[in-house]
Amino acid sequence: MRFRAPSQFNDIIRQVGEEHRVPVAESEQVVSEQSTNGIVGNGLVLEHVHLSVDGYLLLAKSFLLTMAENGFIAPKDQWPWQRNKSDDAYREMAAVTDFDSVSAFIRVRILTNSWPFRESNAGVSQFNATTELERLAESFLAQEITWEQAHVRLAEQYESAGNSLKAAREYRALLKVTPYNASPYLRLGRILLGLGREDEAASAFAKSLKIERSFIASYGLGYVHLKRGRFAEAVRNLRQALEVAGGATREALLETRHLLAASLAGLGNYAEAKQEAEAILNVQSDHEPTRDLLKKIESANTSRGN
């Protein structure tokens, strides 16, 4: 099937590389070596041309090793291999989810059941979806929903079911394709906070703030900075959160001001911390966390002799 260039093109590439002293990554050999009996098959190729996720991982590694071996970017003995990651870590970074894999599987089924593999052509409607994931992929392939809508829908379903890790993967997939959309960063950051992965959450919130200011991101960063004892950064972020808190709930505003009071106290700025705490209690006198905080502020201030 003459869908792609013949193998002779590889010989030409090697010849040109040799003439111009440009190293060539022997990626076909690498993939063959990882295939059963050296024959590239379904394990690393989707149909007859395109590599699977694992196949592309091997391709990327062959490029990387060739670059390192030939001193690209840095001399061979100075490559920072200590920063290298495991294959599983790189797969996670690729952000290919079950939805993407199922969608690809259906596409391949349609392709291999159509010309020139078969006399007649197959369509999406002929695929017999039996799971919710397959039905969602079918809707996407039939252009009833967009790729982004499918991932958001799945992420929300996973969140509702308490499967935060799968929800996070869906948002990471969205960020691969829509890196200038702040919403997936915010949703991912919120999930990561819930999982206790605070540094990763802070990174997601910080990236969202490079796109647009938001209450959620500034609050999240302030919360992480406070927990890490970075009081000045916490004060800055929490004040920024209050500046853009137009749609925040009363409870969220009180919590933000409470964290701000705690951050100010952490800086030793007891006068401002006390003022902030008293302002919260003027709004809700039975806000127990703030009442306890105010006692600690007054005690610390007294101990300091003020």
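Quick note on numbering that gives the first Met the number 0: the sequence shown kicks off at 0 and runs consecutively.
For each residue, glycine too, the CB sits at the ideal point set by N, CA and C.
Skipping 5 residues on each side, what residues in its chain have a beta carbon closer than 7 angstroms to that of residue i?
i	result
Ala-200	Gly-188, Leu-191, Leu-192, Gly-219 and Val-223
Return the first residue and the last residue of the alpha helix (DSSP H) that residue i is part of.
i	result
Gln-33	Neither: Gln-33 is in no alpha helix (DSSP H) and is coded neither H nor E.
Asn-69	Here Asn-69 belongs to no alpha helix (DSSP H), and DSSP marks it neither H nor E.
His-150	146-159
Gly-219	214-226
Asp-97	97-111
Pro-5	From DSSP, Pro-5 is part of no alpha helix (DSSP H); its letter is neither H nor E.
Gln-239	230-242
Asp-285	No alpha helix (DSSP H) holds Asp-285; DSSP gives it neither H nor E.
Which residue's Cα is closest to the Cα of residue i: the options?
i	options	result
Thr-129	Leu-50, Ile-105, Leu-56 and Met-66	Ile-105
Val-95	Leu-45, Glu-169 and Ala-73	Glu-169
Arg-235	Val-23, Pro-178, Arg-249 and Arg-256	Arg-256
Ser-31	Tyr-55, Ser-102 and Glu-197	Tyr-55
Glu-27	Leu-252, Leu-58 and His-19	Leu-58
Lys-75	Arg-238, Met-66 and Leu-252	Met-66
Gly-245	Phe-214, Asn-36, Leu-135 and Gly-265	Phe-214
Do residue i and residue j have their C-beta atoms closer together than 8 angstroms?
i	j	result
Phe-126	Arg-152	no
Leu-241	Ala-233	no
Ala-181	Glu-155	no
Gln-33	Leu-45	no
Tyr-184	Ala-203	yes
Asp-97	Leu-63	no
Ala-299	Tyr-269	yes
Leu-259	Leu-237	yes
By the three-class DSSP mapping on this structure, what secondary structure does residue i have?
i	result
Val-44	strand
Leu-312	The structure shown does not extend to residue 312, since the chain is modelled only from 0 through 305, so no value can be given for it.
Leu-50	strand
Ala-166	helix
Asp-76	helix
Tyr-179	coil
Gln-28	helix
Ile-11	helix
Phe-126	coil
Leu-194	coil
Lys-209	coil
Among residues of its own chain, excluding the 5 on either side of residue i, which ones have a beta-carbon nearer than 6 angstroms to its beta-carbon?
i	result
Glu-147	none
Glu-91	none
Leu-208	Ala-216
Trp-78	Ala-67
So, for residue i: in the same chain, excluding its five sequence neighbours on each side, which residues have a beta-carbon less than 8 angstroms away from its beta-carbon?
i	result
Asp-86	Leu-56
Pro-5	none
Leu-158	Sequence inspection shows Glu at residue 158; the Leu mentioned does not correspond to that position. Once the five neighbours on either side are set aside, the close Cβ partners of Glu-158 are Ala-166 and Ile-190.
Ile-38	Ser-31
Gly-70	none
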